[in-house]
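So the protein lines, in turn, are chains W and C. Mapping the first sequence onto my numbering, position 26 (from 1) lands on 26, and the numbers just tick up by one. Mapping the second sequence onto my numbering, position 335 (from 1) lands on 756, and the numbers just tick up by one. Just so you know, even glycine gets a beta-carbon here, dropped at the ideal spot from N, CA and C. Please read these numbers as outputs of a predicted model, since none were measured by experiment. For reference, the structure is listed below as structure tokens.
There are 2 protein chains.
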Amino acid sequence: MWRIRIGDISVANLQPLMQSVTCVDIMNFDVHNERQRAEEVQQADLVISLLPAAFHIVVAQECLKQNKSLITASYVTPAFKALHQEAKEKNLTILMESGLDPGIDHMSAMAVIQHIKNAGGNITSFKSFTGGLVAPESDTNPWQYKFTWNPRNVVLAGQGTAKYINNGAYKYIPYHQLFKRTDEFFVEGYGHFEGYANRDSLSYREPYGLANIPTMLRGTLRRPGYCAAWDVFVQLGLTDDSYTLEDAENMTHRSFIEAFLPSATMEGQSLMERLAAYAGIPADGTIMEKITWLGLFEEKPIEMTGATPAQVLEKILKDKWTLSPGDKDMIVMQHLFEYEQDGKKRVISSTLVTLGDDEIHTAMAKTVGLPVGILAKLLLQGRINRRGVVIPIYPELYEPVLDELKQYGIDFVETDRVLQE
Amino acid sequence: MWRIRIGDISVANLQPLMQSVTCVDIMNFDVHNERQRAEEVQQADLVISLLPAAFHIVVAQECLKQNKSLITASYVTPAFKALHQEAKEKNLTILMESGLDPGIDHMSAMAVIQHIKNAGGNITSFKSFTGGLVAPESDTNPWQYKFTWNPRNVVLAGQGTAKYINNGAYKYIPYHQLFKRTDEFFVEGYGHFEGYANRDSLSYREPYGLANIPTMLRGTLRRPGYCAAWDVFVQLGLTDDSYTLEDAENMTHRSFIEAFLPSATMEGQSLMERLAAYAGIPADGTIMEKITWLGLFEEKPIEMTGATPAQVLEKILKDKWTLSPGDKDMIVMQHLFEYEQDGKKRVISSTLVTLGDDEIHTAMAKTVGLPVGILAKLLLQGRINRRGVVIPIYPELYEPVLDELKQYGIDFVETDRVLQE
Chain W
1 MWRIRIGDIS VANLQPLMQS VTCVDIMNFD VHNERQRAEE VQQADLVISL
51 LPAAFHIVVA QECLKQNKSL ITASYVTPAF KALHQEAKEK NLTILMESGL
101 DPGIDHMSAM AVIQHIKNAG GNITSFKSFT GGLVAPESDT NPWQYKFTWN
151 PRNVVLAGQG TAKYINNGAY KYIPYHQLFK RTDEFFVEGY GHFEGYANRD
201 SLSYREPYGL ANIPTMLRGT LRRPGYCAAW DVFVQLGLTD DSYTLEDAEN
251 MTHRSFIEAF LPSATMEGQS LMERLAAYAG IPADGTIMEK ITWLGLFEEK
301 PIEMTGATPA QVLEKILKDK WTLSPGDKDM IVMQHLFEYE QDGKKRVISS
351 TLVTLGDDEI HTAMAKTVGL PVGILAKLLL QGRINRRGVV IPIYPELYEP
401 VLDELKQYGI DFVETDRVLQ E
Chain C
422 MWRIRIGDIS VANLQPLMQS VTCVDIMNFD VHNERQRAEE VQQADLVISL
472 LPAAFHIVVA QECLKQNKSL ITASYVTPAF KALHQEAKEK NLTILMESGL
522 DPGIDHMSAM AVIQHIKNAG GNITSFKSFT GGLVAPESDT NPWQYKFTWN
572 PRNVVLAGQG TAKYINNGAY KYIPYHQLFK RTDEFFVEGY GHFEGYANRD
622 SLSYREPYGL ANIPTMLRGT LRRPGYCAAW DVFVQLGLTD DSYTLEDAEN
672 MTHRSFIEAF LPSATMEGQS LMERLAAYAG IPADGTIMEK ITWLGLFEEK
722 PIEMTGATPA QVLEKILKDK WTLSPGDKDM IVMQHLFEYE QDGKKRVISS
772 TLVTLGDDEI HTAMAKTVGL PVGILAKLLL QGRINRRGVV IPIYPELYEP
822 VLDELKQYGI DFVETDRVLQ E
């Protein structure tokens, strides 16, 4: 029988959800409590860390000390790369990037890449985009977006420079251009989406076995129009998390916007008109409709002290973008492969759409949690032989996971067509 | 008799300049050489550090250890603030911000502020802008700009967020808007200038005794049109110093620009036309003239490896913006004060223009070096009694310096007029 111990900084929220589950113990757990950390790792056969990403490393160090394997859904950082050799020598597996994105994206892409290569195809372009959105029946606001993941990460998304390669040429998109340079996507039955580039589309060329691919781009999906409206916030500087506003405690939504606009030079212009002129958008279009809907032109106090612009924006968005009871979220992932086979140019699209059940049992929770759970089972059953710091790009990992995910309705729809003869 | 020892990492460039000067010894000096650092500080009565700003702190620590006073032309950093108490207790003066900007700007502003306050005036607005430019007779390129200071600092100028206060409202300008939001300035006899805001216009309100001033803005001067053209580089991302280009060794000027543009979608469009469309500028206007003049559309190899975009841009600019033999540079500083006195609104403008003699004896060298030298003399003569970490905002410091600077032709022209009765 499986026994699972779930630790959280406070289990109060967890208790009602776990009442009907018999194989689970829950406990208050503080990762910074050295003794508790050591005790909990000691009594585990396998450790799964779903902590905020910055805290994984102390868990990993404890696991190595006590010879336990570890699974996370987070990116392999340089600090984790440095643990690879030690983990390998101790015959342990630190399995990372095992959730949705990163996770299912790697697994499903590798399955298609392997399939094309086995058939003698040569991949010339790979684009992969994922979004955590809302299901059509819960799509009730002009942004067509609600938070289904850490709101702070949504506000800060894309900061830095996006790097990708297109027709053999490296391309760089600075943050302040990112939300202007979107690609279009279409999913049968679900309509149109737009995508902006992720920071790093280059570093997966090697692990995917696509070192010399001329075009590779990974990104994030939103509904059409989201990016143009979000770009207004970027242009203003509202997503900056690097400094503290001088007087957040006295600010309202209106004065927050005003602080990022040049002073008024004409009499009688409204704040909305001045914002429109500054951002170069129509004062009465769909972008302004989205901004207005968030309440940004209201005289509503911010009620924060010592806050960064990004923290103020996050608070304003949380009031509006939180899932309501019964709301269903939606995960959309689409891979587009162009390849040459037998002298023909072909295109494979591989698309996943997963809907949540309600605001608790979200598609985000399922698609992040299930692959982690399945991989944990495989590891404990001795069916994974990779050791060291590993991501799920090997058939022994992704084949059984993708198979089992189908039982939960997490399944890709694939089309393969000739682009040009 | 004054004796001066000048240390530099290599004195080869210094030797020809110093041949005719009798009171100066020169020596190869490495600030990272602990023993040499200790020995040189030990034999000095006063230490002047004109090293790159990051290295001042190790010099300061050595000075404190050996009970020597220190002068620099650089900003007081938090690390220096932390030395204030110790320096004060040891009866030492660490005199910072003693060059041009920061330096002469503080001194000349404080003289006017003191004058207005003494006459019972109430200052409502203070704007202060400084630029290191080229003299009209050496103004030979479409940017009306040449390097007279560290080129790297010019490329990275303004990164971060500019903060100021206008009519009592705090204002924030993100970097990607900075060169669009310029103010206009005029100097009798020298024509028009434009200015962009410095990062921090707020922290000098207290030291200047203007804690409650409704409007305060400090900034940098350029000739009109410079900022709009520089903004194209910012929009592209060419000034980014945070990451290394993948293939700088294979890049030409053209492919450097191409890397920051979206891929071509129309046939037959030139690189220049695509850049114009992306940046939203005319393909045949004065902005494009400036960019073309720099050679950015040439198939000229970059010849760098592992370079950041900012490093590549700096190399391209150095080829074009270096002073030629005989070139004269020009320092322009303008303070604009609005104040109320006897029920009238008045405006004082206080303006400095200083020209260089040639490409060696620059106005930049004079305006940075002379105040440092005069302050060193005053300190050694026992005429400065302030101890601890000090900036020249006190009459005992700025009055004699401003007086003596006049002998070198560094003198402000002041006008005072009624704005509104």
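Give the range of the alpha helix (DSSP H) segment to which His361 (chain W) is assigned.
-> Position 361 of the first sequence holds residue 361 (chain W). Note, His361 (chain W): premise wrong, no alpha helix (DSSP H); not H, not E.
Is it right to say Thr561 (chain C) is buried, meaning 16 or more other beta carbons lie within 10 angstroms of its own, or is it exposed?
-> Here residue 561 (chain C) refers to the residue found at position 140 of the second sequence. By the Cβ neighbour-count rule, Thr561 (chain C) is exposed, with fewer than 16 other Cβ atoms within 10 Å of its own.
Beta-carbon separation of His335 (chain W) and Ser324 (chain W) under 8 Å?
-> Here residue 335 (chain W) refers to the residue found at position 335 of the first sequence. Here residue 324 (chain W) refers to the residue found at position 324 of the first sequence. No, they are not a contact pair.
State the beta-bridge partners of Ser10 (chain W) as determined by DSSP.
-> Within the first sequence, numbered from 1, the residue matching residue 10 (chain W) stands at position 10. Looking at the DSSP assignment, Ser10 (chain W) forms no beta bridge with any residue, so it has no partner.
Per-residue contacts from Ser263 (chain W) into chain C (C-beta, under 8 Å) | Position 263 of the first sequence, counting from 1, holds the residue named residue 263 (chain W). By Cβ distance, chain C contributes Asn587, Asn588, Ala590, Lys592.
How would you write the range of the alpha helix (DSSP H) that Gln656 (chain C) sits in, first residue to last?
-> Mapped onto the second sequence, residue 656 (chain C) falls at position 235. Counting along the chain, the alpha helix (DSSP H) containing Gln656 (chain C) begins and ends at 647-657.
Under 8 Å between the Cβ atoms of Lys290 (chain W) and Ala229 (chain W)?
-> Taking the first sequence and counting its residues from 1, the one referred to as residue 290 (chain W) is at position 290. Taking the first sequence and counting its residues from 1, the one referred to as residue 229 (chain W) is at position 229. For Lys290 (chain W) and Ala229 (chain W), yes; Cβs fall inside 8 Å.
Roughly how many angstroms lie between the CA atoms of Met288 (chain W) and Pro703 (chain C), to the nearest whole one?
-> Here residue 288 (chain W) refers to the residue found at position 288 when the first sequence is read from its first residue. Here residue 703 (chain C) refers to the residue found at position 282 when the second sequence is read from its first residue. Met288 (chain W) and Pro703 (chain C) have their alpha carbons spaced roughly 27 Å apart.
Near Asp837 (chain C), which residues of its chain fall below 6 Å by C-beta distance, leaving aside the five closest residues on each side in sequence?
-> In the second sequence, the residue the question calls residue 837 (chain C) occupies position 416. Within the same chain, Asp837 (chain C) has close Cβ partners Ile769.
Selection of the region 381-414 of chain W by Cβ proximity to chain C, strictly under 8 Å | Close to chain C, meaning a Cβ-Cβ distance shorter than 8 Å, is no residue of the region 381-414 of chain W at all.
Please state whether DSSP places Ala310 (chain W) in a helix, a strand or coil.
-> Counting from 1 along the first sequence, the entry for residue 310 (chain W) is found at position 310. In the three-state scheme derived from DSSP, where H, G and I count as helix and E and B as strand, Ala310 (chain W) is classed as helix.
Endpoints, beta strand (DSSP E) assigned at Thr772 (chain C) = Residue numbering aside, residue 772 (chain C) sits at position 351 when the second sequence is read from its first letter. It spans 765-776 - the beta strand (DSSP E) in which Thr772 (chain C) sits, taken as one unbroken run.
Can you check DSSP and say which residues form a bridge with Arg222 (chain W)?
-> Sequence index remark: in the first sequence, residue 222 (chain W) carries index 222 (1-based). For Arg222 (chain W), which the question treats as bridged, DSSP gives the partners W:Glu194.
Taking Thr148 (chain W) as the reference, give the member of W:Lys318, W:Leu294, W:Phe337 with the closest Cα.
-> Numbered from its first residue, the first sequence carries residue 148 (chain W) at position 148. Checking every option, the nearest Cα to that of Thr148 (chain W) belongs to W:Lys318.
Name the two residues that bound the continuous alpha helix (DSSP H) containing Asn385 (chain W).
-> Residue 385 (chain W) sits at position 385 when you count from the first residue of the first sequence. No alpha helix (DSSP H) contains Asn385 (chain W), which DSSP labels as neither H nor E.
Over the uninterrupted beta strand (DSSP E) stretch that includes Asp105 (chain W), give me the two end residues.
-> Taking the first sequence and counting its residues from 1, one reaches residue 105 (chain W) at position 105. No beta strand (DSSP E) contains Asp105 (chain W), which is instead part of the alpha helix (DSSP H) from 104-118.
For Ala162 (chain W), which residues does DSSP report across the bridge?
-> Working through the first sequence from its first residue, we reach residue 162 (chain W) at position 162. DSSP output for Ala162 (chain W) lists W:Ile173 as bridge partner(s).
With a cut-off of 8 Å, does the C-beta of Asp621 (chain C) fall near any C-beta of chain W?
-> For the purposes of this step, residue 621 (chain C) is identified with residue 200 of the second sequence, where counting begins at 1. Answer no: the Cβ-Cβ gap between Asp621 (chain C) and chain W never drops below 8 Å.
C-beta atoms of Thr308 (chain W) and Tyr243 (chain W) nearer than 8 Å = On the first sequence, residue 308 (chain W) is found 308 positions in, with the first residue counted as 1. On the first sequence, residue 243 (chain W) is found 243 positions in, with the first residue counted as 1. The answer is yes: Cβ separation under 8 Å.
Near Leu238 (chain W), what residues of its chain come up, given a Cβ to Cβ distance below 6 Å and the 5 sequence neighbours on each side ignored?
-> The residue you call residue 238 (chain W) lines up with position 238 of the first sequence. Short of 6 Å from the beta carbon of Leu238 (chain W), and not among the five residues preceding or following it, lie these beta carbons of its own chain, in chain order: Pro309, Leu313.
For the putative contact between Ile814 (chain C) and Pro628 (chain C), defined by C-beta atoms under 8 Å, what is the C-beta separation to the nearest angstrom?
-> What you label residue 814 (chain C) is simply residue 393 of the second sequence in a count that begins at 1. What you label residue 628 (chain C) is simply residue 207 of the second sequence in a count that begins at 1. The distance from the Cβ of Ile814 (chain C) to that of Pro628 (chain C) is about 5 Å, consistent with a contact at the 8 Å cut-off.
Using a Cβ-Cβ distance under 8 Å, would Arg695 (chain C) count as near chain W?
-> Position 274 of the second sequence, counting from 1, holds the residue named residue 695 (chain C). Under the Cβ distance rule, Arg695 (chain C) does not count among the residues neighbouring chain W, no pair being separated by less than 8 Å.
Separation of Gly195 (chain W) from Thr182 (chain W), as counted between CA atoms = Your numbering for residue 182 (chain W) matches position 182 in the first sequence. Your numbering for residue 195 (chain W) matches position 195 in the first sequence. Distance between the alpha carbons of Thr182 (chain W) and Gly195 (chain W): 5 Å.
Whole-angstrom distance between Tyr175 (chain W) and Gln159 (chain W), CA atom to CA atom = Numbered from its first residue, the first sequence carries residue 159 (chain W) at position 159. Numbered from its first residue, the first sequence carries residue 175 (chain W) at position 175. Cα to Cα, Gln159 (chain W) sits roughly 5 Å from Tyr175 (chain W).
Those runs of the alpha helix (DSSP H) which lie wholly inside the region 656-717 of chain C and span at least 4 residues | When DSSP assignments are scanned along the region 656-717 of chain C, the uninterrupted stretches of alpha helix (DSSP H) that are 4 or more residues long and fall wholly within it turn out to be 674-679, 692-700, 707-714.
With DSSP as the reference, label Thr788 (chain C) as helix, strand or coil.
-> Counted from its first residue, the second sequence places residue 788 (chain C) at position 367. Here Thr788 (chain C) sits in helix by DSSP.
Residue ranges of each beta strand (DSSP E) within the region 18-76 of chain W, 3 or longer | Those beta strand (DSSP E) runs which fall completely within the region 18-76 of chain W and span 3+ residues are 24-28, 46-49, 69-72.
Closer than 9 Å by beta-carbon distance: list the chain W residues that pair up with His597 (chain C), in chain order.
-> To locate residue 597 (chain C), count along the second sequence from 1; it is residue 176. Against His597 (chain C), the close residues of chain W are Pro174, Tyr175, His176, Gln177, Val234, Gln235, Gly237, in the order they occur along the chain (beta-carbon pairs closer than 9 Å).
Within-8 Å CB hit, Asp259 (chain W) to chain C = Sequence index remark: in the first sequence, residue 259 (chain W) carries index 259 (1-based). For the record, residue 259 (chain W) in the displayed sequence is Ala; it is not Asp. True, the Cβ-Cβ gap to chain C drops below 8 Å.
Segment contact flag, the region 472-482 of chain C with the region 770-790 of chain C, C-beta cutoff 8 Å, min 3 pairs = Contact between the region 472-482 of chain C and the region 770-790 of chain C is absent, because fewer than three Cβ pairs lie under 8 Å.
Looking at the structure shown, is Pro816 (chain C) part of a helix, part of a strand, or coil, going by DSSP?
-> Along the second sequence, read from residue 1 onward, the residue named residue 816 (chain C) stands at position 395. Three-state result, Pro816 (chain C): helix.
Validate contact between the region 665-674 of chain C and the region 618-627 of chain C using beta carbons, cut 8 Å, 3 pairs = The way I'd put it, the region 665-674 of chain C doesn't touch the region 618-627 of chain C; fewer than three beta-carbon pairs between them come closer than 8 Å.
Helix, strand or coil for Arg573 (chain C) per DSSP?
-> Here residue 573 (chain C) corresponds to residue number 152 of the second sequence, with the count starting at 1. Three-state DSSP puts Arg573 (chain C) in a helix.
Can you tell me whether DSSP reads Ile634 (chain C) as helix, strand or coil?
-> Along the second sequence, one-based indexing puts residue 634 (chain C) at 213. If DSSP states are grouped into helix, strand and coil, Ile634 (chain C) belongs with coil.
Closer than 7 Å by beta-carbon distance: list the chain C residues that pair up with Asp247 (chain W), in chain order.
-> The residue given as residue 247 (chain W) occupies position 247 in the first sequence. Within chain C, the residues near Asp247 (chain W) are Tyr591.
When the Cα atoms are used, what is the spatial distance from Arg639 (chain C) to Thr265 (chain W)?
-> Here residue 639 (chain C) is taken as the residue at index 218 of the second sequence, counted from 1. Here residue 265 (chain W) is taken as the residue at index 265 of the first sequence, counted from 1. Rounded to whole angstroms, Arg639 (chain C) to Thr265 (chain W) spans 20 Å at the Cα level.
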